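Before any comments, here is the structure.
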Amino acid sequence: MIAAFRIPGAGRLKQAETARFSFDGQSYSGVEGDTLASALLANGVHLVGRSFKYHRPRGFLSAGAEEPNALVEIKRDAARKTPNVRATVQELYDGLTAQSQNRWPSLSFDVGAVNDIASPLFSAGFYYKTFMWPKAAWKNFYEPKIRAAAGLGVAPDQPDPDHYSARFAHCDVLVLGGGAAGIAAALAAAETGVRVILADEQADFGGSLRFESGAQIEGQDGFAWAQAAVAKLRDMDNVRVLSRTTAFGYYAQNFVGLVERVSDHLRNPGGELPRERLWQVRAKRVVLATGAIERHMVFADNDRPGTMLASAARTYLNHYGVAVGRNVGVYTANDSAYAAAIDLKKAGVDVAAIIDLRDNPTGPVIDEARALGIEVNFGRAAIRAGGKLRVSSMTVQPKNGGGERTIPVDAILMSAGWTPSVHLFSQSRGKVAFNDETKRFVPGTYAQDCVSVGACNGTDGLSATIDEAYAAGAKAAKDAGASVVKGTKPKVDASESWSRGMLGAAPGAGPDTTVKAFVDFQNDVTAKDIRQAVHEGMHSIEHVKRFTTNGMATDQGKTSNMHGLAIAAETLGKPIPQVGLTTFRAPYTPVTFGSIIGHARGPLFDPTRKTAIHPWAEAQGAVFEDVGQWKRAWYFPKAGEDMHAAVDRECVTVRKTAGLFDASTLGKIEVVGPDAAKFMELLYTNPWEKLEPGRCRYGIMLREDGFIYDDGVVGRLAPDRFHVTTTTGGAPRVMNHMEDYLQTEFPHLNVWLTSITEQWAVIAVQGPKSRDIIAPLVEGIDMSDEALPHMSVREGRICGVPTRLFRMSFTGERGFEVNVPADYGQAVWEALWAEGQKHGACAYGTETMHVLRAEKGYIIVGQDTDGTVTPNDAGLDWAVGKKKTDFVGIRGMARPDLVAKGRKQLVGLKTKDPKVVLEEGAQIVEDPKQAIPMKMIGHVTSSYWSENCGRSIALALVAGGRDRMGETLYVPMPDGTIEVEVTGMVFFDEKGERLNG
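Residue numbers for the sequence shown follow our numbering, beginning at 2 and rising by one.
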């Protein structure tokens, strides 16, 4: 059955299959190739939504991604429902279910429309002036009501069952936009043999050729030429063509984010297809062919359903074969609306009148409109649209005032001109320039290797567009390294040309305070709101934007920005460039969370990293904890042991005999090159030039502000090679920190940085018997204290595989860290474990490691430091080279506040009751009897029960801590106040004699 407003023989969907769908529970039929918008219009449905603030009835404004009104919910099942889908973009499939939003109880009768009556209470900026009194009402009344009213659609309440994919791609030339300009640029680049990607958001390529009936290229209809040219590109091995793919973000170094709609248009997508695919593309050159967006006319009640852009009506007619009405009125300040009227008239639709704001325009389209019998009125304005749920009339008068005339219509087509789509150009950090002659912003200063062509560059006319785009595509390919290959530029046989239009409010849009002449449809911003913002002191367009919310809706002001800017400039009496332009930010159109997240959800939300020794620990019954992305063995309980009993046993065993610990998660970075030592001198507080190969040193890394950033032991393997260790959680940021300084501050240094964290498995063997356990398995390394003293590193073999053997300790016992290639990690661990069993050794986890290091006063960066701790605060002055003249943070350390007396310093704490274990993070005070709020002088950073000490131990940051030795301080807790004594940080083996067994 043919829908009432589908015109037989019109459009390009003549042979398409019928697709049945429903909207708000009502069944309709369309054809495959329709959008939801074109299918609804074919069935005579214009009312599709309600506006955000006033709940006014809204219909379709556009036929594309700029649509501000027709936002609907698409539902496949209870779990697959998506709010705020633009009906103008959603492709129709058989069985589609759509529902309108932001209305109750129904779309035609919405209780929220009372806001339209009460609109004086909701003028621009009302949210800055209301809800102030009474104060208690904010929490209990205002905020709950506002939150309930916020938003348009309803967020899904079930997990998304679909899957999303991601691809990385590199190309020589990336062309964004599949209209005539984009296709011409892609052809020129592709013919040189370079790698080309062509992407467009529509299902069909062609851009404005989808509706332009007067375009002829290479002897054929413009749209037909576009399809043939794209088919040619698809057949080329060096070209990737992506339809239904939106470029949503242009980032640094020609990195562009694209999202491809893979299966949203399919009736039964099947589980093998992703719903969407995220493309992350790095291109040598980018060609922006993003076109232009038509502007509406700003006049009273211009939001009535049935009032739409002229190009939208033309698209629905010439591509989808749908008439947007039976008796159409046209209001314009631009020739392009005449073409819409002519096409509709030829298709059998009555055109009641063309109202042209211009005084005496001339041209072929005007002559043709009159020849077809269409009434044309110059120098007149449509001052008001009539109707409620559907436009029923337009009221016209001379633009300078005079008698009014009401013309019955069932649709109004508007065109105030075209705005170049510079969104991606602006995202690339390019600077736009205002063309005073054409009254539009166009690309000006480029910040990246890109070029704009066609309408987005302010180029008028099809011939000029293709000439410019073809030349730009060839040049982009040449700049990307192509040898010049002469192609054949497409020949334009016929085209359409449009005049420039107008900006701002038309007559009838005020300046009185009652008329609602809409500038931003989605956020209900009117011309009077813009004027009010200026009157209230908002003189920058960024301030006007935030005061009125113009351009802040999901369409990002694609149709409203220039009008709002012009109205503000007129009110201020300033030229448009002096008022400024708002910033275009990614994403260009809304992007689903699914496409951004991809597979990173559920178990894959954060990558789980496991060491080579993880399976062994798992088999031994280890309990694991998350440390960053790593799974680390926390403790190894035996039968009948809880965590405390297991940790006590492990701590005693390590100090009595030995223990094995998986330290593979420590960050490891190789610093290599002739200037490696110079680089280390600049990045760490310690001196490194004189460190001999084969020796190690504890190093501290600072930020520029002088605070501790990371620490670790560094081994010098050769004059030009350092093996750097970092904290487990700090590895990525330390690598980034090093690379950042190498590239930006010290690029003259001949140094290479390589992350080797996963290259090496690390087995720490600690305790008096550690050497006895390791020695039988080691080849080529003298294990004596004389040959391998504490803080040494040697390269050799263990169990027949290469090793970097460090003599170092994080327990205060004789200790070694055995680095072996990760593939051999578990095998070497098992060999060491077998040896360890002969000496009564145990495996221990991170909790025991923490206790043992705290017994010796060794700090953990991020636990005992908080981003405001200097080396002096941590008692690590000895690790700062006294003769060094430069390193990162040296000037920060000298700031007056960082050397002032009374700073918080790291000290030890002993509870007066040795059985009481403090809570980490607990606050410390001098006087527990002082009034609340008490003056806090510090907090507990680490606290444990030490079986080796027979008591609790703790580390804390305390103001002036080292001057308080022996003092009694207090830790207020909910169950009572705990007395503590300030002590040194070393609780076990204060002289350090156990380092040598």
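Glycine included, each C-beta is placed from N, C-alpha and C at the ideal position.
What you are looking at is a predicted structure, and each value in this text was computed from that prediction instead of being measured.
- The criterion of a C-beta distance shorter than 8 angstroms is satisfied by ALA348 and ALA324.
- If you look at ALA114, you'll find it isn't in any alpha helix (DSSP H); DSSP assigns it neither H nor E.
- ALA587 places its beta carbon 8 angstroms or farther from that of PHE142.
- In this structure, GLY509 keeps its C-beta atom at 8 angstroms or more from the C-beta atom of ALA412.
- Here PRO106 is exposed, its C-beta having fewer than 16 other C-beta atoms within 10 Å.
- Taken through DSSP and simplified to helix, strand or coil, MET553 comes out as coil.
- Per DSSP, reduced to three states, the secondary structure at ALA960 is strand.
- Using a C-beta cut-off of 8 angstroms, the stretch 171-178 makes contact with the stretch 283-299, since at least three inter-stretch Cβ pairs fall below that distance.
- Of the candidates CYS451, ARG371, ASN44, the residue whose Cα lies closest to the Cα of ASP480 is CYS451.
- Around the beta-carbon of ARG235, fewer than 16 other beta-carbon atoms lie within 10 Å, marking it exposed.
- With 16 or more neighbouring CB atoms inside 10 Å of its own CB, GLU948 falls in the buried class.
- Using a Cβ distance threshold of 8 angstroms, ILE531 and GLY502 do not count as a contacting pair.
- Taking 3 residues as the shortest admissible run, the stretch 695-762 contains the following complete beta strand (DSSP E) segments, listed from N- to C-terminal end: 697-703, 709-719, 722-727, 753-756.
- SER429 and MET309 have their C-alpha atoms roughly 31 angstroms apart.
- Between THR942 and GLU968, the C-beta gap is not smaller than 8 angstroms, which leaves the two residues out of contact.
- In this structure, GLN630 places its C-beta atom within 8 angstroms of the C-beta atom of THR609.
- DSSP, reduced to helix, strand and coil, places TYR128 within a helical segment of the structure shown.
- A distance of 8 angstroms or more separates the beta carbons of GLN91 and ALA167.
- Considering only HIS56, LYS136, ALA185, the residue with the shortest C-alpha distance to PHE123 is HIS56.
- Between GLN827 and ILE614, the CB-CB gap stays under 8 angstroms.
- With 16 or more other Cβ atoms from the protein chains shown falling within 10 Å of its own Cβ, SER596 counts as buried.
- In the DSSP assignment, GLY797 falls within the unbroken beta strand (DSSP E) covering 793-799.
- The C-beta distance from ALA762 to VAL821 rounds to 6 angstroms, short enough to meet the 8 angstroms contact threshold.
- For THR247, the beta-bridge partners assigned by DSSP are VAL260.
- Here the stretch 658-669 makes no contact with the stretch 856-871; the two share fewer than three CB pairs at distances below 8 angstroms.
- Nearest to VAL263 by C-alpha distance, out of LEU853, ASP351, VAL981, LEU243, is LEU243.
- Per DSSP, reduced to three states, the secondary structure at GLY599 is coil, with no helix or strand assignment.
- Non-local beta-carbon contacts of ALA570 in its own chain, meaning distances under 6 angstroms to residues more than five positions away in sequence, involve ILE577, VAL580 in chain order.
- A check of alpha carbon separations from GLY505 across ILE467, THR489, SER561 identifies SER561 as the nearest.
- Here the alpha carbons of HIS840 and MET784 stand approximately 18 angstroms from one another.
- Listed as beta-bridge partners of ALA354 by DSSP are GLY330.
- Distance from PRO421 to VAL443 at the Cβ level is roughly 6 angstroms; contact confirmed, criterion being Cβ atoms closer than 8 angstroms.
- Annotated three-state conformation of SER312 is helix, per DSSP.
- Contact check for GLY60 against LEU72 fails: the beta carbons are separated by 8 angstroms or more.
- Beta-carbon to beta-carbon, ASN44 and GLN523 are separated by about 24 angstroms, too far to satisfy the 8 angstroms threshold.
- Counting only runs of at least 3 residues, the stretch 46-76 fully encloses the following beta strand (DSSP E) elements, listed from N- to C-terminal order: 72-76.
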